Structure formats: structure tokens, C-alpha cells
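Asks:
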DNA sequence: TCAAAAGTGTTGGGGTTACACCCATGG
DNA sequence: CCATGGGTGTAACCCCAACACTTTTGA
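Residue numbers (our numbering), protein chains in the order written: chain A, 1 to 254; chain B, 1001 to 1254.
1. Excluding the 5 residues flanking residue 1022 of chain B on each side, which residues of the same chain have their C-beta closer than 7 angstroms to its C-beta?
2. Looking at the C-beta of residue 154 of chain A, does it have a partner C-beta in chain B at a distance below 8 angstroms?
3. How big is the Cα-Cα spacing for residue 63 of chain A and residue 94 of chain A?
4. From the DSSP output, in three-state form, read off residue 253 of chain A for me.
5. Give the straight-line distance between the Cα atoms of residue 169 of chain A and residue 229 of chain A, rounded to the nearest whole angstrom.
6. Should residue 1241 of chain B be labelled buried (16 or more other beta-carbon atoms within 10 Å of its own) or exposed?
7. If you measure between the beta carbons of residue 1071 of chain B and residue 1059 of chain B, is that distance less than 8 angstroms?
8. Taking Cβ positions only, does residue 18 of chain A come closer than 8 angstroms to chain B?
9. Which one of B/1042, B/1193, B/1163, B/1017 has the shortest CA to CA distance from residue 1109 of chain B?
10. Enumerated in chain order, which unbroken segments of the alpha helix (DSSP H) with a length of 4 residues or greater are wholly contained in the segment 1148–1209 of chain B?
11. Identify whether residue 73 of chain A lies in helix, strand or coil by the three-state DSSP scheme.
12. For residue 184 of chain A, I'd like the list of residues in its chain whose CB is within less than 7 angstroms of its CB, leaving aside the five on either flank, ordered along the chain.
13. Under 8 angstroms, CB to CB, which of the residues in the segment 53–64 of chain A have a partner in chain B?
14. Would you verify that the beta carbon of residue 274 of chain A is, or is not, closer than 8 angstroms to some beta carbon of chain B?
15. List in chain order: all unbroken beta strand (DSSP E) runs of 3+ residues lying wholly within the segment 1031–1057 of chain B.
16. Report the residue from A/111, A/10, A/36 whose alpha carbon sits nearest the alpha carbon of residue 177 of chain A.
17. What's the call for residue 164 of chain A, buried or exposed, on a 16-neighbour Cβ count within 10 Å?
18. Quickly, what does DSSP pair residue 237 of chain A with across the bridge? List them, please.
19. Got a sec, what are the start and stop residues for the beta strand (DSSP E) residue 92 of chain A sits in?
20. Between which two residues does the beta strand (DSSP E) containing residue 1116 of chain B stretch?
21. Residue 1213 of chain B by DSSP, collapsed to three states: which one?
22. Hey, does residue 163 of chain A have any beta-carbon neighbour from chain B nearer than 8 angstroms?
23. Let's see if you can read the secondary structure: which residues bound the beta strand (DSSP E) around residue 22 of chain A?
24. I'd like to know if residue 1073 of chain B contacts chain A, where contact means its C-beta is closer than 8 angstroms to some C-beta of that chain.
25. Spell out whether any CB of chain A is found under 8 angstroms from the CB atom of residue 1140 of chain B.
26. In the structure shown, what three-state DSSP assignment does residue 131 of chain A receive?
27. Is residue 143 of chain A helix, strand or coil by DSSP?
28. Anything in chain B within Cβ reach of residue 94 of chain A, meaning under 8 angstroms, just list it in chain order.
29. Mind listing the chain B neighbours of residue 103 of chain A? Cutoff is C-beta to C-beta under 7 angstroms, in chain order.
30. Check the DSSP bridge columns for residue 1059 of chain B and list the partner residues they point to.
31. Grouping DSSP H, G and I as helix and E and B as strand, with all else coil, what is residue 245 of chain A?
32. Between the beta-carbon of residue 212 of chain A and the beta-carbon of residue 236 of chain A, is there less than 8 angstroms?
33. Return helix, strand or coil for residue 1010 of chain B, following the three-state DSSP convention.
34. Using only alpha-carbon positions, find the residue among B/1014, B/1097, B/1044, B/1015 that is nearest to residue 55 of chain A.
35. Can the beta-carbon of residue 1073 of chain B be found closer than 8 angstroms to that of residue 1087 of chain B?
36. Using the Cα positions of residue 196 of chain A and residue 1069 of chain B, report the straight-line distance between them to the nearest angstrom.
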């Protein structure tokens, strides 16, 4: 049996699905789109689509991201343009029955973006929204056996979303990834509120300040101050070159 | 354009590749097989194969593992049989040109196994071996532009291997995964030598002992002692129920 | 003046490092 | 007896949690 023989292997459809996270109104939110076709018609789902025949996986993810949000992805592996959100591969989901139509293997990607204007989904603003993660995942469990319409996300997207959220939660512990949720210039307090929203905990502002300003390369002063959060003016920072945090930021144990 | 239309998406071949790691003679080793066919005929490659049409990704990885090594995989997600090696999904590689024959997306998996008798590759012992990862990855860079025959692993397998090794190196920091490299019963010294081999560093035996025995749930006494390492008899342990280590094991910085 | 947020100083405790020291076996 | 690895004790040190306290703005 030659490896060139097309009958030697079954054909698969390959897609990318996106877990796009942001922090809005002190809550961790994910981008979801409403499905216009069966299966799961009218239900919310993660954005995504087919990988093209000549396209790399990360390129497909970046393309879908641009199509759905207008965001410009910044894959650390292939340093792209600025203004970019963080993009990384998350995991691959290939259960034979995950799509009732055919055999689909989906390579999920994780995107972390600063707070943005309302999303657009191919120009249709009604069919895309930022939803609090807590709501999406709680609905998954609590409403599962009640109302089919209020049930989980389409396909296995609740699992993918949960995996993406968990990845984000652990990765901001030991990396500077939390700055991907912030605008280019931000204050220490704004960065702290990112951690608090993603982890769902309260952090001591004084110790947090010492920690992040005392880690070399994490933050660099941007030269100005702002009072947009009220109170005493706060120094503005940009993300520094450091990508890993050692020692890590400690997450309080609930 | 209906999603049911087969012409709406290009067909892909989907494979699993395995990064199977073990510790032999105080060195971290990976399982490689010799390719019998072009492309890369005669070169070493990671074991792997096509995913079947009705098969889950982790099931395909476990099947390939059994076929190549006789190992029984123990996927934490789907608790299987005992005697099992640790198996987890690593990452997915889908560059359009990674296989010159056709469009292949490979879902790489990471396997951690205790030291084993010489591997068998479909009964052919000559075509499979444990190779020190240092050698496999050094050859990748040092010999790349000299002798084509001594060049890197086939396809993009050097990258996949490097990613798998990096995953293993970081994961033993904050999890009890290092015990997957040990036989069912092992001593603290044997576990320490696993860490030393994977990280390529020397650890203080006294502090290591205190650390692992002082972490609740990491190790449970198995009730006996052994002198197989020489010196004073050492207590035997089994892996405890704890899977995450908090605080983590600290890796000395080079 | 007061509330709110930004910062700094200080103290106590847990965990790690480095190393002195003892224990138990095989050769 | 001595080399080898196993295991305990201890002091210095680093980092973090907790919290008192000062600074600087807007309302």
C-alpha cells in the first residue's frame, strides 16, 4: 500500500476555531457568532472556518480573525504587524462525531485582544457579540437539560472555550500575556484589573504594583500620566520586552 | 454555498505523530523509526500514521503507540488501563509544504514512558531505536549543511521533537509528571535522576528529598526499600494522587 | 473636605539554598 | 574500613502577604 494512494487514508475537513478573549466591564468575555445554518441554527458558536488548500494553520486563524473582527493578529512565531492581538494555537479537536455532517478536525486558536468596539461579523452586527465567559460556561452546565434553545454553545465549542479560558488563566501567571488585554499604553491599575477579571479574584493593589514594576523588562514607562480611572494620576506604561515572568505572578487559591 | 458541498473545502490527510520520551542511562531519549520509503527514505522520523475515518485523535495516538512499542497508553482524559504511559496532545503542524506528497495535517502527541526494553517497530528491531534528544536536536543544527544523510529528522520532526521536549521540561516543574518516567515503584534518588536527565542539571539530593517528600500527595510510601542504586537502602514510593505541584519544583537557571 | 486611586515603607512568615552532619549498606 | 548513596538539621536569604501610611487628583 503506497503512501501516495489516496484510498490509503480517509479525507478530512480541517477548520480553525477561534477563542477570542477580551476584558470588558471588569469581566472576561469571548467573541461568539450566531449560526445562520443548520446544524445548531440560531445558536451561538465560536468564529471559525475552513482552512484553505494552500494555507498554513496560523494564517487561516489570522484570516478568520480579520474577517470576523477586523483585528490584526500578531503571531509571536511569525512576527507580523503592530496593533496586533496575541494569537497562539490552542488544541485540536477531532472526535468523529463532533460535527454531524462530516468528519471535521478543528484546530482551535486562542486570541487575546484589548477591549474593542462592538464586533462585526461580515458586516452583520447582530450576529456577533462579546459574551461574558462565566455566562457562556454556566449556561453550558445549568441549562443543559432544560431549554434546548438556551443550551450550550454549538458543537463542542463549550469545551474549546473552557480550554482556552484555562490556558489564558494559567499563562498570565508566568508570562507577560496579560498586557495583550490592554491598550498600547496602560496603567498598573488597569493591568491589575485585567488579572482580577481573568482570575475572578481581588488582588492587593500595593503588592501588585511592586511586583510588576519590580520585574525587569515587564513594563517600561511611556512617559505620561492619566487620571481616566479617577484618583491620583497614574503613570502610563507599555509592555516591555520580557515575555516570561520569573518568579511568576501568584494566583490566590480562591 | 452549502456547507455540505464537498467542493466547498479541500480534503486533508490527518496523521498523528508521536514524541515518545524516556530516560535511559541518565539521558533523555526519544523513540525514532527509520523510514523505509521516500520521501526521506532511510532517515529517522518520529513514529506515527494516518488517523482512521472513525477514530478519535487520542485513540489514533494510542493505537500507533501500541503498534510501535507495545506500550499501553494512559490518557488522563479517558482513564484507560494501568501500566500505561502518559499521553497528551502536543500541538498540530499543518504547513502546506511540510509533506511534499500532499497536504497533511499532523496532530502531534507527547508520550512519557519509563525505561523499557529495546523497542520493536512492527517486529523489525533494526528500524526503531531510542536516541538521546541532545543528539537528535544537535544533529539538526550542526550537521544541517554538511552531510545530507546525517541531517535532521525527516519532515518537520525536529521541530515537533523540540516542542515535545520543551513541554516535558516545563511540565515536570509544576506537575507530578516526572513519575511517568519511573517504574511503578521508585526511590527519591531515581526520581531526582529523572529531573536531572530531563533538565540537564544537577540538583541537591538533600533539598530534593525534602521537597518531594514534603509535598502532600506527591509520593506515597510503597512499604519496602531497595539498594539497587548502591549505598544505604532507600525507601520505595509510588506516585500519589496529586497531579499538580504547588509550589512548583524550581529549575535552576542553567 | 472627602472619596478614590496611586504609590511607598515595614514587618512577619513560608520556602529555598547551601552546607554540615549522621545513617546504612556493599565491597 | 571506606566509598556510596540516603536522609536530617540549620542558618542565611529571598519573596510574598498584610497593612499602616502618604500622595495627588476630581467632585
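Backbone N, C-alpha and C fix where the C-beta goes; we use that ideal spot for every residue, glycine too.
All figures in this text were calculated on a predicted structure; none of them were measured in a lab.
Replies: Reading it off the structure:
1. Start at 1 with the first residue of the second chain, and residue 1022 of chain B comes out as number 22. Around residue 1022 of chain B: 1029, 1113, 1114, 1115, 1116, 1130, 1181.
2. Taking the first chain and counting its residues from 1, the one referred to as residue 154 of chain A is at position 154. Output row for residue 154 of chain A: interface = no.
3. Counting from 1 along the first chain, the entry for residue 63 of chain A is found at position 63. Counting from 1 along the first chain, the entry for residue 94 of chain A is found at position 94. Their backbone Cα atoms lie some 22 angstroms apart in a straight line.
4. Along the first chain, one-based indexing puts residue 253 of chain A at 253. Note: residue 253 of chain A maps to coil in three-state DSSP.
5. As a first step, residue 169 of chain A must be located in the first chain, where it is residue number 169. As a first step, residue 229 of chain A must be located in the first chain, where it is residue number 229. Residue 169 of chain A and residue 229 of chain A: Cα-Cα distance of roughly 24 angstroms.
6. Counting from one through the second chain, the residue named residue 1241 of chain B turns up at place 241. Exposed, by the Cβ-count rule.
7. Here residue 1071 of chain B refers to the residue found at position 71 of the second chain. Here residue 1059 of chain B refers to the residue found at position 59 of the second chain. It is not a contact, given that the beta carbons lie outside the stated cut-off.
8. As a first step, residue 18 of chain A must be located in the first chain, where it is residue number 18. Not closer than 8 angstroms to any Cβ of chain B, the Cβ of residue 18 of chain A fails to qualify, so no.
9. Position 109 of the second chain, counted from the first residue, corresponds to residue 1109 of chain B. Considering only alpha carbons, the answer is B/1017.
10. 1157–1174, 1188–1199
11. Taking the first chain and counting its residues from 1, the one referred to as residue 73 of chain A is at position 73. Strand at residue 73 of chain A.
12. The residue you call residue 184 of chain A lines up with position 184 of the first chain. The residues are 238.
13. 53, 54, 55, 56, 57
14. Within the shown structure, residues of chain A are numbered from 1 to 254, placing residue 274 of chain A beyond reach of any answer.
15. 1048–1050
16. Locating residue 177 of chain A in the first chain gives position 177, counting from the first residue. It is A/111.
17. Locating residue 164 of chain A in the first chain gives position 164, counting from the first residue. With 16 or more other Cβ atoms within 10 Å, it is buried.
18. Against the first chain, residue 237 of chain A aligns to sequence position 237. Its beta-bridge partners are A/186, A/221.
19. For the purposes of this step, residue 92 of chain A is taken as residue 92 along the first chain, with counting starting at 1. 85–93 is the extent of the beta strand (DSSP E) around residue 92 of chain A.
20. Translated into positions along the second chain, residue 1116 of chain B becomes position 116. Run containing residue 1116 of chain B: none; DSSP gives neither H nor E here.
21. Locating residue 1213 of chain B in the second chain gives position 213, counting from the first residue. Helix.
22. As a first step, residue 163 of chain A is located in the first chain; it is residue number 163 there, counting from the start. For residue 163 of chain A, the answer is no, since every Cβ of chain B falls outside 8 angstroms of its Cβ.
23. On the first chain, residue 22 of chain A is found 22 positions in, with the first residue counted as 1. Where residue 22 of chain A is concerned, the enclosing beta strand (DSSP E) stretches over 13–24.
24. Indexing the second chain from 1 puts residue 1073 of chain B at position 73. Chain A, which has no Cβ nearer than 8 angstroms to the Cβ of residue 1073 of chain B, makes this no.
25. The count along the second chain starts at 1 and reaches residue 1140 of chain B at position 140. Caution is warranted here: a pLDDT of 47 is assigned to residue 1140 of chain B, below 50, making its placement in the model unreliable, and the coordinate value is therefore given only provisionally. Not an interface residue.
26. Along the first chain, read from residue 1 onward, the residue named residue 131 of chain A stands at position 131. Here residue 131 of chain A sits in strand by DSSP.
27. Your numbering for residue 143 of chain A matches position 143 in the first chain. Low confidence applies to residue 143 of chain A: its pLDDT is 48, below 50, so where it sits in the model is not reliable, and the reading given next is rough at best. Three-state DSSP puts residue 143 of chain A in coil, outside helix and strand.
28. Looking up residue 94 of chain A in the first chain gives position 94. Within chain B, the residues near residue 94 of chain A are 1014, 1051, 1056, 1057, 1107.
29. Within the first chain, the letter at position 103 stands for residue 103 of chain A. Result: 1053.
30. Looking up residue 1059 of chain B in the second chain gives position 59. Residue 1059 of chain B is not bridged to any residue.
31. Along the first chain, one-based indexing puts residue 245 of chain A at 245. Coil, per DSSP.
32. Looking up residue 212 of chain A in the first chain gives position 212. Looking up residue 236 of chain A in the first chain gives position 236. No, these two residues do not count as a Cβ contact at 8 angstroms.
33. For the purposes of this step, residue 1010 of chain B is taken as the residue at position 10 of the second chain. In this structure, residue 1010 of chain B counts as coil in the three-state DSSP scheme.
34. Reading the first chain from its first residue, position 55 is the one you call residue 55 of chain A. That would be B/1097, whose Cα lies nearest to the Cα of residue 55 of chain A.
35. If you number the second chain from 1, residue 1073 of chain B lands on position 73. If you number the second chain from 1, residue 1087 of chain B lands on position 87. For residue 1073 of chain B and residue 1087 of chain B, yes; Cβs fall inside 8 angstroms.
36. Locating residue 196 of chain A in the first chain gives position 196, where the first residue counts as 1. Locating residue 1069 of chain B in the second chain gives position 69, where the first residue counts as 1. Taking the straight line from one Cα to the other gives about 46 angstroms.
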